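Chains as they are written, first to last, in our numbering: chain A, 1 to 267; chain B, 1001 to 1282.
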Amino acid sequence: MSNSTAGIESQLWKFLGNVLTWTLLRRILSLVIFILLWTILVQFIGYLQLVPSPKTVFLAIFDLSVTFVLTNIGLSFFRVLGGFFLGVLIGFPVGVAIGYSRRLNHLIFPVFEMVRPIPPIAWIPLTVLFFINFESQAVFLTFYGAFFPIVYNTMGGISEVDIRLPRAAMSFGVGKKQMLWKVILPAAMPQVFTGMKLAMGITWILVVAAEMMSNKGGMGYYVWYNHTLMDYPHVVLGMGIIGLCGAICSIGVGVVGNYFTRWQRIF
Amino acid sequence: MADAREETLGFVFKRPTLASKVFNEKMILNTISILSIFLAWGLLVHFQVYRFVLFPSPGEVWEDGVNWVGTYVFWIDCFATTMRVMAGVLTAYIVAIPLGLMIGWKKVFSDLTFPRLEVLRPIPAPAYLPIAILLFPWQEASVAFIPFIDAFFPVLLNTIVGVKLIDRDYFRAARCLGSSPNQIFWHVVLPGALPSISSGCAIGMGIGWMGAVVGEMITGEWGLGYRIWESYILIRYPMIVDGMIAIGILGFASSVLIRYLTIRIIPWRKAITESLDESITK
């Protein structure tokens, strides 16, 4: 009896030894140092008085109006995901077409090359002219931001496919349609998903910027609204929430990407 | 790669004549493509399809653009925006590259610094704007802070990945031959990571332009982003398009510059296409 409990205890210690490695301790220490530095800098540097300290930010959690924040999160998510999925739905086939057919590439690619250097943010005034309600403006912007990374990476992924794979398939007598679906697309998938991850990051940047410039709700609006109220702890909290949402979206893309690229661990 | 494919298909490669260089299918299709987008724009505005009524026509854009380039305002705007982007992005390079090299190289250093950067990474740059305004008493610095944040993380991550992708055998070989950590850093870590760093720099530059425009639209006195926003408020719509074109040209020029420097500085960089550059950022 005592023997078995001793066994369990030793297993527990072993488990703890595996979990509480120096790496983990150092990582935790890193975060602790970060919070300490933040506190000290805010305390002792004169002109940073208005910057909230970690304590006030933590206390600000308790007087958060939950419904207001949740509606804002919902709005931002709707705009980001709407634009992102539109970007995937349109950008992916376009990328495949451009990557697969040289003639289409010559026909479409120069236009993209011309439009791409213009940062999506600079499109805001024109989208305001073109679309009447704010939701469609925001979704267009996020779509525009997501479109180019997806197209470029899909195209790149297809043109970088190891030439030996299509050759092997050809020698087995694979048709054109099967070649696309069974050989080229799977081989291009890792890069397609890196493009999507990039696109997800850019859509969040755009949504925050667009929401800051208008007063139609969303997390960007929440941050800017609290900035105008000089309620800085809530500004930092809003930034944290945006970061969390962005991280969740990016992890989501990673999970889906893992499913589609099961044979290799990229993400 | 295209040549390789043709070779395997058994085409005979002929030396191209001048006429075939200019009038080949590629050039013709490219010209059609670029002309058609302008044509579509002109026609949509001319026939006032849907909301295109409000859009400026190519002619108006050209006229206003020519006027604008003639004034000193244009040059100050370009200069202000370029300086902000360069200040932010170059600072990001200077901070992120050494940090990334150390994080990628030394495990202990990585554990001690990387988690806190990971916490900050998913926050998009515009969200930093209120804090930037608080942090920097000087407004220019708070605008330049946005491209800094935008460029910082792609450069950092690409540097880390670049170090991690170096073949472990190089380290072992260097250590076998008795090199000091200092020598390993200068002769293994840095040259090995440079190709990846350069693609990080290119991405950072591209995103940095976006950041500067956001910063200028929200707070700013000069600059192309500010000019776009001002012309929107003053209902001078052709100027919006001119501003967009100016930003596009400057952004394109700066990324061409980065690519040129990359080729000059890093001759051992593998010839990889632009699209693969972006694949290294995760």
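Built from N, CA and C at the ideal position, the CB exists for glycine as well. Since the structure is predicted, the reported quantities are computational estimates derived from the model, not experimental observations.
Taking the Cβ atom as the reference point for each residue, do residue i and residue j lie within a distance shorter than 8 Å?
| i | j | result |
| --- | --- | --- |
| Phe92 of chain A | Ile8 of chain A | no |
| Leu29 of chain A | Leu1112 of chain B | yes |
| Thr1091 of chain B | Phe1148 of chain B | yes |
| Glu1216 of chain B | Gly1223 of chain B | yes |
| Val57 of chain A | Pro233 of chain A | yes |
| Ile1032 of chain B | Leu107 of chain A | yes |
| Thr203 of chain A | Gly145 of chain A | yes |
| Val139 of chain A | Leu75 of chain A | no |
| Asn1128 of chain B | Phe1145 of chain B | For the record, residue 1128 of chain B in the displayed sequence is Tyr; it is not Asn. In this structure, Phe1145 of chain B lies closer than 8 Å to Tyr1128 of chain B by Cβ. |
| Val253 of chain A | Met196 of chain A | yes |
| His227 of chain A | Pro1130 of chain B | yes |
| Ile205 of chain A | Pro1124 of chain B | yes |
| Val1241 of chain B | Pro1056 of chain B | yes |
| Tyr221 of chain A | Asn215 of chain A | yes |
| Val69 of chain A | Val207 of chain A | no |
Would you verify that the beta carbon of residue i is, or is not, closer than 8 Å to some beta carbon of chain A?
| i | result |
| --- | --- |
| Arg1236 of chain B | no |
| Arg1227 of chain B | no |
| Lys1106 of chain B | no |
| Asp1064 of chain B | no |
| Ser1020 of chain B | no |
| Pro1115 of chain B | yes |
| Tyr1260 of chain B | no |
| Phe984 of chain B | Within the shown structure, residues of chain B are numbered from 1001 to 1282, placing residue 984 of chain B beyond reach of any answer. |
| Ile1265 of chain B | no |
| Pro1098 of chain B | no |
| Ile1166 of chain B | no |
| Leu1276 of chain B | Confidence in Leu1276 of chain B is poor, its pLDDT being 43 and thus under 50, which makes the residue's placement unreliable; the coordinate value appears in the next sentence. Yes - at least one Cβ of chain A is within 8 Å of the one on Leu1276 of chain B. |
| Met1244 of chain B | yes |
| Ala1141 of chain B | no |
| Ser1033 of chain B | yes |
Quick check on residue i: does DSSP put it in helix, strand or coil?
| i | result |
| --- | --- |
| Val174 of chain A | coil |
| Pro52 of chain A | coil |
| Leu64 of chain A | coil |
| Leu980 of chain B | Beyond the ends of chain B as shown, which are 1001 and 1282, falls residue 980 of chain B; an answer cannot be given. |
| Val1049 of chain B | coil |
| Lys1106 of chain B | coil |
| Asp1064 of chain B | helix |
| Ser1057 of chain B | coil |
| Pro190 of chain A | helix |
| Asp162 of chain A | coil |
| Arg262 of chain A | coil |
| Asn215 of chain A | coil |
| Ile1203 of chain B | helix |
| Glu1221 of chain B | coil |
| Asp1111 of chain B | helix |
| Phe271 of chain A | Here chain A comprises residues numbered 1 to 267, so residue 271 of chain A is not present and cannot be evaluated. |
| Ile45 of chain A | coil |
| Arg1175 of chain B | helix |
| Phe1038 of chain B | helix |
| Phe78 of chain A | helix |
For residue i, which option in the options has the closest C-alpha, if you only look at C-alpha atoms?
| i | options | result |
| --- | --- | --- |
| Val256 of chain A | A:Pro233, A:Met219, A:Asp231 and A:Thr194 | A:Thr194 |
| Met155 of chain A | A:Val192, A:Pro186 and A:Ile35 | A:Val192 |
| Trp1105 of chain B | B:Phe1171, B:Asn1030, B:Phe1252 and B:Phe1047 | B:Phe1171 |
| Gly95 of chain A | A:Ala188, A:Arg167 and A:Gly173 | A:Ala188 |
| Pro1122 of chain B | A:Gly254, A:Phe260, A:Val253 and A:Leu244 | A:Leu244 |
| Ala1096 of chain B | B:Gly1192, B:Leu1156 and B:Glu1060 | B:Leu1156 |
| Val1161 of chain B | B:Pro1181, B:Thr1219, B:Trp1186 and B:Met1102 | B:Met1102 |
| Phe143 of chain A | A:Val42, A:Phe84 and A:Met219 | A:Phe84 |
| Pro1058 of chain B | B:Val1069, B:Phe1038 and B:Val1189 | B:Phe1038 |
| Gln1139 of chain B | B:Glu1221, B:Tyr1072, B:Leu1257 and B:Met1086 | B:Glu1221 |
| Phe134 of chain A | A:Phe44, A:Gly218, A:Asn258 and A:Leu59 | A:Gly218 |
| Ala97 of chain A | A:Tyr152, A:Phe172, A:Thr21 and A:Ala210 | A:Tyr152 |
| Ile1245 of chain B | A:Val115, A:Arg103, A:Phe15 and A:Ala60 | A:Val115 |
| Asn258 of chain A | A:Ala209, A:Pro186 and A:Leu59 | A:Pro186 |
| Glu1060 of chain B | B:Val1045, B:Tyr1050, B:Val1073 and B:Arg1051 | B:Val1045 |
Would you say residue i faces chain B, with C-beta separation under 8 Å as the test?
| i | result |
| --- | --- |
| Phe34 of chain A | yes |
| Trp263 of chain A | no |
| Met1 of chain A | Low per-residue confidence applies at Met1 of chain A: pLDDT is 46, beneath 50, and the placement is therefore not dependable enough to give any value. |
| Val183 of chain A | no |
| Ile242 of chain A | yes |
Within the 8 Å Cβ cut-off, does residue i reach chain C?
| i | result |
| --- | --- |
| Phe1023 of chain B | Looking at the structure shown, chain C is missing, and the protein chains on hand are A and B. |
Should the segment 113–131 of chain A be regarded as contacting the segment 162–182 of chain A, the criterion being three or more beta carbon pairs within less than 8 Å? no
Would you call the segment 1227–1243 of chain B and the segment 1055–1064 of chain B touching, i.e. three or more CB-CB distances under 8 Å? Counting Cβ pairs under 8 Å, three or more are found: they touch.
The segment 1190–1206 of chain B in contact with the segment 1232–1246 of chain B per 3-pair CB rule at 8 Å: With a cut-off of 8 Å, the segment 1232–1246 of chain B and the segment 1190–1206 of chain B do not count as touching, because too few Cβ pairs lie within range.
If you pair each beta-carbon of the segment 1022–1040 of chain B with each one of the segment 99–115 of chain A, do three or more pairs fall below 8 Å? yes
Pairing CB atoms from the segment 222–237 of chain A with CB atoms from the segment 41–58 of chain A, are three or more of them under 8 Å? yes
With three or more C-beta pairs closer than 8 Å as the rule, is the segment 1242–1257 of chain B touching the segment 158–171 of chain A? no
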